[in-house]
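S.K.: Can you keep this structure in mind? I'll have questions shortly.
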Amino acid sequence: MLDQIQAVKTRALAELAAIVDLDELETWRIQHLGKKGTITQLLRGLGQLSPADRPRVGQAANEAKQALEAALAARREALEAARLAQALAAERIDVSLPGRSPRLGTRHLISRTVREICDVFVAMGFNVVEGPEVEWDHYNFEMLNIPPDHPARDMWDTMYIGEVGAPMLLRTHTSPVQARYMETHQPPIRIVVPGKCYRYEDVDATHEMMFYQIEGLAVDTDITLADLKGVLDRFARALFGPDRKTLFRCDYFPFVEPGVEMAIDCHMCHGAGCKLCKGTGWLEIMGAGVVHPKVLEGVGYDPAKYSGFAFGMGP
Ligand code: DAH
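In structure tokens:
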């Protein structure tokens, strides 16, 4: 029996020495130290021994059990340490590696231009506001002094939502926001309105169905065409350079009276005439004017008390 104990112990220790992972270690534990394990079975066998042999053999069996338990603990500790070391090595961060550079986007040229233009007006005390792109005929036309069947509707190639002549459309300009804003605010008003507009266009290098406009509106007591000229002169110099010349000529828009178009001297030929300015020396950059009394009346303002100027440009 003593030899048997010795043999079990020697074999178990030899097996243990060959174990390289924690799963195998658990199998080994069950095999030797578990409820049906080799050592446990030896201890159970003690009952059949004579009382004289029992203490000696029992002691040897217990010693063998303790030796295996101690060896198991040592092996487990070693394997766990090895596993930790391996994980640390695998997950090591090399702080000397160059970082992954963030993927940067840039703002679109049009977005940048719209912001630049708005900033110039913001510096003069204007607020930036927006309005809907899907609009009622009411705001896009009627509130701007353009009743149904008015010939001026031909100035805009309108895309209606639904049937032609239906009351809903894609706004053809940013001007409807003038009426929307005045309906909900009282003078003094100074706003610029950037946004997308839509017209039924033949698309080519300089024409799109969707394009941008920036609308401007100022309403207060005693506003005149001179205020309009002062603000737009200043705008032209801020955006196009301090030497820029401006030209205001009569034009017609139903929602202003008088109506004007504003031009700047051509930056390519400085007024001499070239391809860009079609030989005129001037580049037209926007429509503008003094807000028509009918537009003021339409939003409930008293045209005897208030006046305003408006402008609209396509960046
Ligand atoms: N809405 C006009 C257009 O799209 C441009 C315009 C002209 C706007 C005169 C104005 C204005 O506010 O006063 O053609």
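Add 6 to a position in the sequence shown, counting from 1, and you land on the number used in the numbering used here.
Glycine is no exception: its CB is placed at the ideal position from the N, C-alpha and C atoms.
Could you name the residues of the same chain whose beta carbon sits closer than 7 Å to that of residue 309, not counting the 5 residues immediately before and after it, in chain order?
M.R.: The residue given as residue 309 occupies position 303 in the sequence shown. Result list for residue 309: 299, 302, 303, in chain order.
S.K.: Among the residues of its own chain, which have a CB less than 8 Å from the CB of residue 270, if the five just before and after it don't count?
M.R.: Your numbering for residue 270 matches position 264 in the sequence shown. Hits under 8 Å: 242, 246, 250, 251, 252, 253, 288, 289, 291.
S.K.: Identify the continuous alpha helix (DSSP H) that holds residue 315 and give its terminal residues.
M.R.: Within the sequence shown, numbered from 1, the residue matching residue 315 stands at position 309. Segment 313-319 is the beta strand (DSSP E) holding residue 315; no alpha helix (DSSP H) there.
S.K.: To the nearest angstrom, how far is it from the Cα of residue 224 to the Cα of residue 199?
M.R.: In the sequence shown, residue 224 corresponds to position 218, counting from 1. In the sequence shown, residue 199 corresponds to position 193, counting from 1. One C-alpha to the other measures close to 12 Å.
S.K.: Taking residue 119 as the reference, which of 95, 201, 12, 283 has the closest Cα?
M.R.: Along the sequence shown, one-based indexing puts residue 119 at 113. The option with the nearest alpha carbon to residue 119 is 201.
S.K.: Assuming residue 134 and residue 187 are in contact, meaning their beta carbons sit under 8 Å apart, how far apart are those beta carbons, in whole angstroms?
M.R.: Numbered from 1 along the sequence shown, position 128 holds the residue referred to as residue 134. Numbered from 1 along the sequence shown, position 181 holds the residue referred to as residue 187. Going by Cβ atoms, the distance from residue 134 to residue 187 rounds to 11 Å, so no, they are not a contact pair.
S.K.: What three-state label does DSSP hand residue 161 in the structure shown?
M.R.: The sequence position of residue 161 within the sequence shown is 155, counting from 1. In this structure, residue 161 counts as helix in the three-state DSSP scheme.
S.K.: Check whether the stretch 18-35 touches the stretch 79-89, counting contact only when three or more Cβ pairs, one atom from each stretch, lie closer than 8 Å.
M.R.: As far as the Cβ criterion goes, the stretch 18-35 touches the stretch 79-89, which means the pair count is three or higher.
S.K.: Is residue 242 a contact residue of ligand 1, with contact defined as CB to any heavy atom under 6 Å?
M.R.: Along the sequence shown, one-based indexing puts residue 242 at 236. Checking every heavy atom of ligand 1 against the Cβ of residue 242, none is found closer than 6 Å.
S.K.: Hey, would you say the C-beta of residue 314 is under 6 Å away from at least one heavy atom of ligand 1?
M.R.: For the purposes of this step, residue 314 is taken as residue 308 along the sequence shown, with counting starting at 1. Checking every heavy atom of ligand 1 against the Cβ of residue 314, none is found closer than 6 Å.
S.K.: Who are the Cβ neighbours of residue 145 in its own chain at under 7 Å, not counting the five residues just before and after it?
M.R.: For the purposes of this step, residue 145 is taken as the residue at position 139 of the sequence shown. So the list reads 182, 185, 186, once near-sequence residues are dropped.
S.K.: At a cut-off of 6 Å, would you count residue 179 as near ligand 1, judging by its Cβ distance to the nearest heavy atom?
M.R.: Reading the sequence shown from its first residue, position 173 is the one you call residue 179. Checking the Cβ of residue 179 against ligand 1 gives yes.
S.K.: Can you have a look at residue 11 and say buried or exposed, based on whether 16 or more other CB atoms are within 10 angstroms of its CB?
M.R.: Locating residue 11 in the sequence shown gives position 5, where the first residue counts as 1. So residue 11 counts as buried.
S.K.: How is residue 270 classed by DSSP in three states: helix, strand or coil?
M.R.: If you number the sequence shown from 1, residue 270 lands on position 264. Reduced to three states, the DSSP call for residue 270 is strand.
S.K.: Roughly how many angstroms separate the alpha carbons of residue 32 and residue 110, rounded to a whole number?
M.R.: In the sequence shown, the residue the question calls residue 32 occupies position 26. In the sequence shown, the residue the question calls residue 110 occupies position 104. Approximately 53 Å between the Cα atoms of the pair.
S.K.: According to DSSP, residue 192 sits in a beta bridge with which residue or residues?
M.R.: Locating residue 192 in the sequence shown gives position 186, where the first residue counts as 1. According to DSSP, residue 192 bridges with nothing at all.
S.K.: For the alpha helix (DSSP H) holding residue 36, just list the boundary residues, first then last.
M.R.: Along the sequence shown, read from residue 1 onward, the residue named residue 36 stands at position 30. Residues 28-39.
S.K.: Quick one: Cα of residue 196 to Cα of residue 131, how far?
M.R.: Your numbering for residue 196 matches position 190 in the sequence shown. Your numbering for residue 131 matches position 125 in the sequence shown. Rounded to whole angstroms, residue 196 to residue 131 spans 7 Å at the Cα level.
S.K.: DSSP state of residue 241, grouped into three classes?
M.R.: The residue given as residue 241 occupies position 235 in the sequence shown. Correct three-state label for residue 241: helix.
S.K.: Among all the DSSP beta bridges, which residues are the ones paired with residue 200?
M.R.: Here residue 200 refers to the residue found at position 194 of the sequence shown. 220, per the DSSP bridge assignment.
S.K.: At the level of alpha carbons, what is the spacing between residue 175 and residue 147?
M.R.: The count along the sequence shown starts at 1 and reaches residue 175 at position 169. The count along the sequence shown starts at 1 and reaches residue 147 at position 141. Going from the Cα of residue 175 to the Cα of residue 147 covers about 10 Å.
S.K.: From 259, 65, 173, pick the residue whose C-alpha is nearest to that of residue 161; which is it?
M.R.: The residue you call residue 161 lines up with position 155 of the sequence shown. Cα-wise, what sits closest to residue 161 is 259.
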